[in-house]
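Asks:
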Amino acid sequence: MKILVAVKRVIDYNVKIRVKPDNSDVDLTNVKMAMNPFCEIAVEEAVRLKERGVASEVVAVTVGPKAAQEQLRTALALGADRAIHINTSAETDEKVESLAVAKLLQKVVEEEQPQLVILGKQAIDTDNNQTGQMLAALTGLPQGTFASEVKVEGDKLQVTREIDGGLQTVALSLPAIVTTDLRLNEPRYAKLPDIMKAKKKPLATQTPAELGVEVASKVTLLKVESPAERQGGIKVGSVDELVEKLKNEAKVIS
Amino acid sequence: MSILVLADHHDGQLGSATAHVVAAAQQMAKESGGDIDVLVAGENVSAVAETAAQLDGVTRVRVADNAVYAHQLAEPLGDLLAALADDYSHVLASASTTGKNVLPRLAALKDVSQLSDIIGVASADTFQRPIYAGNAIATVQSADRLKVITVRTSAFEAVSESGSAAIETVDTVVDNALSAFVGEELAQSERPELGAAKVVISGGRGMGSGENFKLLDGIADKLGAAIGASRAAVDAGFVPNDMQVGQTGKIVAPELYIAVGISGAIQHLAGMKDSKVIVAINKDEEAPIFQIADYGLVADLFEALPELESKL
Ligand SMILES: Cc1cc2nc3c(=O)[nH]c(=O)nc-3n(C[C@H](O)[C@H](O)[C@H](O)COP(=O)(O)OP(=O)(O)OC[C@H]3O[C@@H](n4cnc5c(N)ncnc54)[C@H](O)[C@@H]3O)c2cc1C
Ligand SMILES: Nc1ncnc2c1ncn2[C@@H]1O[C@H](COP(=O)(O)O)[C@@H](O)[C@H]1O
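Here the protein sequences line up with chains A and B, keeping their order. So the first sequence is residues 1 to 254, counted in full-length UniProt numbering. So the second sequence is residues 1 to 312, counted in full-length UniProt numbering.
1) Who does I234(A) pair with in a DSSP beta bridge?
2) Taking just the CA atoms, how far does I289(B) sit from G264(B)?
3) On the three-pair Cβ rule with 8 Å, is the stretch 170-179 of chain B touching the stretch 73-84 of chain B?
4) Check whether chain B comes within 8 Å of P227(A), counting only Cβ atoms and requiring the distance to be less than that.
5) Return the chain-ordered list of same chain residues with a C-beta closer than 6 Å to the C-beta of P17(A), the five sequence neighbours on each side being excluded.
6) Against D12(A), what residues of chain B qualify as contacts under a CB-to-CB distance less than 7 Å, listed in chain order?
7) Can you tell which of G78(B), A24(B), A25(B), Q26(B) has the C-alpha that lies nearest to the C-alpha of A41(B)?
8) For V96(A), collect the residues of the same chain with a Cβ closer than 6 Å to its Cβ; drop the 5 residues on either side in sequence, then sort them by chain order.
9) Compare the Cα-Cα distances from D181(A) to each of G249(B), T98(B), A93(B), E31(B) and report the closest residue.
10) Do V59(A) and K8(A) count as a contact pair if the criterion is CB distance below 8 Å?
11) Between V252(B) and Q244(B), which are expected to be in contact by the criterion C-beta below 8 Å, what is the C-beta distance as a whole number of angstroms?
12) Residues around ligand 1, please: the ones whose beta-carbon is closer than 5 Å to some heavy atom of it, in chain order.
13) Measuring only between beta-carbons, confirm whether G210(B) sits less than 8 Å from chain A.
14) Answer with yes or no whether the minimum CB distance from M134(A) to chain B is below 8 Å.
15) So K100(B) contacts chain A; which residues on that side make the cut at Cβ distance below 7 Å?
16) When you measure from the CB of G237(A) to every non-hydrogen atom of ligand 2, does any distance come out below 7 Å?
17) Mind checking S94(B): buried by the 16 CB within 10 Å criterion, or exposed?
18) Quick one, which of Q247(B), K311(B), A165(B), G228(B) has its alpha-carbon nearest I266(B)'s?
19) Return helix, strand or coil for M35(A), following the three-state DSSP convention.
20) Can you list the beta strand (DSSP E) stretches of 3 or more residues lying completely in the stretch 29-54 of chain B, in chain order?
21) Quick one: grab the DSSP three-state call for V58(B).
22) Residues in the stretch 287-305 of chain B with C-beta within 8 Å of chain A's C-beta atoms, listed in sequence order?
23) Can you tell me whether R145(B) is buried or exposed, with buried defined as 16 or more other CB within 10 angstroms of its CB?
24) Could you tell me which residues DSSP puts in a beta bridge with H10(B)?
25) What residue does the beta strand (DSSP E) around P130(B) start on, and which one ends it?
26) Please decide whether G134(B) counts as near chain A, where near means a Cβ-Cβ distance under 8 Å.
27) Using a cut-off of 7 Å between C-beta atoms, extract the partners of H10(B) located in chain A.
28) Less than 7 Å between the CB of Q143(A) and some heavy atom of ligand 2, yes or no?
29) Does E43(B) have its Cβ less than 8 Å from a Cβ in chain A?
30) Under three-state DSSP, which class holds G120(B)?
31) Sorry if obvious, but does the Cβ on V54(A) come closer than 7 Å to a heavy atom of ligand 2?
32) Using a beta-carbon distance below 8 Å, is I266(B) in contact with chain A?
33) Any C-beta of chain A within less than 8 Å: which residues of the stretch 173-193 of chain B qualify?
34) What does N282(B) touch in chain A if you count any residue whose Cβ is under 8 Å from its own?
35) Under 8 Å Cβ to Cβ from S32(B), same chain only, skipping five residues before and after it: list those, please.
36) Quick one: which residues of the stretch 80-113 of chain B get their C-beta closer than 9 Å to a C-beta of chain A? List them in chain order.
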């Protein structure tokens, strides 16, 4: 079966972000960018399914500016067979909202007819946690979100999901949409020879206009602020002092 | 126009989250004075509906009681919400795993955006929400005719329970040939829910093993606390995933949060830094958690925890 994996270029998760002085947005100039951690897990899962002989082809797709091709090359180095870049530079230098991404991915799904689409559960920049669910609704496919285990069983997909109270297992008809949680797998690092090989793998480019999708959103970002800073507290010298402070100063225990 | 709130429930009981979401809905309805309806969808949920009817500010409770809605699978629930949404200006749910699973489906079916995890309501169309793991707060305005929103419950004070809303049946039944429930493994605990507890004590990788989490039990008993964990503790298999606090786990804001053997990665802070008082116990005095802790104790947790338990 063919697997489509959606990857997003985001700020590296170790970077501490800064808000622009004019409060218009977060400042991304000269900031280290990387593949969204949940997307790395998505790529890893697809590649493992291929290594186990369950999948025949893994196609990586991203929506974003030209620079997002770096993340597609990473996906190719990790084992994807080919990549599709939906280049949004002409429409917007800014972010494309989840709904528009889902509509673009819907077109790719119609074109490629994958049996399984794997996305991250959440992009760590917007923290939206929406795109996979939206894609499932638009394509009329079932969804297994926040997956910690995925098993293909005949024409069904069994997905174990991380839910608030514990774990839930659902059986989905295929084709299906899956979004990854952190425990699904431990992604590998790309090896140098694979990074070299990835440069030669096919990478096709399309635009939202070619796909007939309008990327404008009805949501306007009015401002971005830093959260209220917590005042650094004090160090206590002993357990006794801690208990005394909690009782008499903070008054949170009696 | 009116607002529809999707109720959280499990085991035939209304989840505590719903009272917080209704509070957010009240802020949105302040200008328009529109009604607030609560939708209870599931199987055998009449008791849930009765509790929901007591929430202050609720006009009607609408009950869709059918086997197809059991376990609140996303596909049928999304279709049900889409069938009802045209009567509303806003559809809200808590940012629980159910809300996050279903609301984006509704939004896509209605061709509108979804706003995730709002923490503030400026007006009926303008909201605050955290981005970048809470390291920035965005104010966003939506011009969509239908606003589909998940709400961070810790940011809104729950409404009380002195109301008596009308209860009505919803007859809409949808099919679901796409997904089926197979099973569930839910953690059993006598302790308060993480999201609702006044005190939370969490252990990290420093706990060393699942067995050692027992060191937190006695303290949690004395303080009536819920027990949480860092992702590293969950990944190491010390404790189940539902205990995880952080950007990708539960968001908590208790009166008192005690972090034990947790370094203070931004992803963990994202889930607890709005707590009123933060205590950190860590043997590394350079651990970043101390930068946000009100009271830091540099100590070996294996000595500090038994002592703390005995002195409470
Ligand atoms: C996309 C993404 C999402 C994530 N989401 C989350 C999330 O939601 N929640 C989360 O928690 N993490 C999350 N993480 C992981 C996060 O980055 C950190 O790896 C994790 O929080 C570290 O957990 P920790 O503090 O327990 O472990 P460590 O960083 O290993 O810290 C252990 C601490 O224990 C102390 N210690 C050790 N022994 C003792 C002792 N005997 N006595 C006292 N102190 C001791 C050490 O000094 C150290 O500070 C996420 C990561 C990614 C990439
Ligand atoms: N611009 C994008 N290009 C490709 N995939 C995306 C993009 N935005 C979101 N996704 C996918 O959707 C997942 C969830 O993102 P979000 O819903 O935005 O939090 C990500 O982990 C990706 O797999």
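Every residue gets a Cβ at the ideal spot worked out from N, C-alpha and C, and that includes glycine.
Replies: Looking at the atomic coordinates:
1) Looking up residue 234(A) in the first sequence gives position 234. Answer is Y295(B).
2) Against the second sequence, residue 264(B) aligns to sequence position 264. Against the second sequence, residue 289(B) aligns to sequence position 289. Using only the alpha carbons, I get a separation of about 4 Å.
3) Short answer: they touch.
4) Here residue 227(A) corresponds to residue number 227 of the first sequence, with the count starting at 1. At least one chain B Cβ lies under 8 Å of P227(A).
5) Position 17 of the first sequence, counting from 1, holds the residue named residue 17(A). According to the sequence as given, residue 17(A) is Ile; it is not Pro. Within the same chain, I17(A) has close Cβ partners V26.
6) Position 12 of the first sequence holds residue 12(A). Within chain B, no residue comes near D12(A); the closest Cβ sits about 12 Å away, beyond 7 Å.
7) In the second sequence, counting from the first residue as 1, residue 41(B) sits at position 41. Ranking G78(B), A24(B), A25(B), Q26(B) by Cα distance to A41(B) puts G78(B) first.
8) Numbered from 1 along the first sequence, position 96 holds the residue referred to as residue 96(A). Taken in chain order, the residues that qualify are V63, T88, V215.
9) Here residue 181(A) refers to the residue found at position 181 when the first sequence is read from its first residue. Checked all of G249(B), T98(B), A93(B), E31(B); the closest Cα to D181(A) is G249(B).
10) Within the first sequence, the letter at position 8 stands for residue 8(A). Within the first sequence, the letter at position 59 stands for residue 59(A). No, the Cβ-Cβ distance between K8(A) and V59(A) is not below 8 Å.
11) Locating residue 252(B) in the second sequence gives position 252, counting from the first residue. Locating residue 244(B) in the second sequence gives position 244, counting from the first residue. Incorrect: roughly 11 Å between the Cβ atoms, too far for contact.
12) Residues close to ligand 1 by the beta carbon criterion (under 5 Å to any non-hydrogen atom) are, from first to last along the chain, Y13(A), P37(A), G204(B), R205(B), G206(B), S230(B), R231(B), A232(B), G246(B), Q247(B), T248(B), G249(B), G261(B), I262(B), S263(B), A265(B), Q267(B), H268(B), N282(B), K283(B), D284(B), A287(B), D300(B), L301(B).
13) The residue labelled residue 210(B) in the question sits at position 210 within the second sequence. Chain A contact via Cβ: absent.
14) As a first step, residue 134(A) must be located in the first sequence, where it is residue number 134. So, interface residue.
15) Mapped onto the second sequence, residue 100(B) falls at position 100. Going along chain A in sequence order, the residues near K100(B) (Cβ under 7 Å) are N129.
16) Here residue 237(A) is taken as the residue at index 237 of the first sequence, counted from 1. Within the chosen limit of 7 Å, ligand 2 does not reach the beta carbon of G237(A) with any heavy atom.
17) Here residue 94(B) is taken as the residue at index 94 of the second sequence, counted from 1. Burial is judged here by how many other beta carbons sit within 10 angstroms of a residue's own beta carbon; S94(B) has at least 16 and is buried.
18) Here residue 266(B) refers to the residue found at position 266 when the second sequence is read from its first residue. For the options Q247(B), K311(B), A165(B), G228(B), the alpha carbon positioned closest to that of I266(B) is the one of Q247(B).
19) Start at 1 with the first residue of the first sequence, and residue 35(A) comes out as number 35. In the structure shown, M35(A) adopts extended strand secondary structure according to DSSP, grouped into three states.
20) Counting only runs of 3 or more, we get 36-42.
21) On the second sequence, residue 58(B) is found 58 positions in, with the first residue counted as 1. Reduced to three states, the DSSP call for V58(B) is coil.
22) For the stretch 287-305 of chain B, which is checked against every Cβ of chain A, the residues closer than 8 Å are F290, Q291, I292, A293, D294, Y295, G296, L297, V298, A299, A304.
23) On the second sequence, position 145 is the one that residue 145(B) refers to. R145(B) is exposed by the Cβ-count criterion.
24) Taking the second sequence and counting its residues from 1, one reaches residue 10(B) at position 10. Residue pairing for H10(B): DSSP places it in a beta bridge opposite Q13(B).
25) In the second sequence, the residue the question calls residue 130(B) occupies position 130. Counting along the chain, the beta strand (DSSP E) containing P130(B) begins and ends at 126-131.
26) Here residue 134(B) corresponds to residue number 134 of the second sequence, with the count starting at 1. When Cβ-Cβ separations below 8 Å define contact, G134(B) makes contact with chain A.
27) Within the second sequence, the letter at position 10 stands for residue 10(B). Chain A residues near H10(B): G165.
28) Here residue 143(A) is taken as the residue at index 143 of the first sequence, counted from 1. No, the beta carbon of Q143(A) sits no closer than 7 Å to any heavy atom of ligand 2.
29) Counting from 1 along the second sequence, the entry for residue 43(B) is found at position 43. Not one chain A Cβ lies under 8 Å of E43(B).
30) The residue you call residue 120(B) lines up with position 120 of the second sequence. If DSSP states are grouped into helix, strand and coil, G120(B) belongs with the strands.
31) Locating residue 54(A) in the first sequence gives position 54, where the first residue counts as 1. No, the beta carbon of V54(A) sits no closer than 7 Å to any heavy atom of ligand 2.
32) One-based indexing of the second sequence puts residue 266(B) at position 266. I266(B) counts as touching chain A.
33) Along the stretch 173-193 of chain B, the positions whose C-beta sits under 8 Å from a C-beta of chain A are A177, L178, S179, A180, F181, V182, G183, E184, E185, L186, A187, read in chain order.
34) Walking along the second sequence from the start, residue 282(B) turns up at place 282. Simply none; closest approach about 11 Å.
35) Counting from one through the second sequence, the residue named residue 32(B) turns up at place 32. Cβ neighbours of S32(B) within its own chain (closer than 8 Å, five residues either side excluded): M1, S89, A124.
36) Within the stretch 80-113 of chain B, the qualifying residues are A82, A95, S96, T97, T98, K100, N101, V102, L103, P104, R105, L106, A107, A108, L109, D111, V112, S113.
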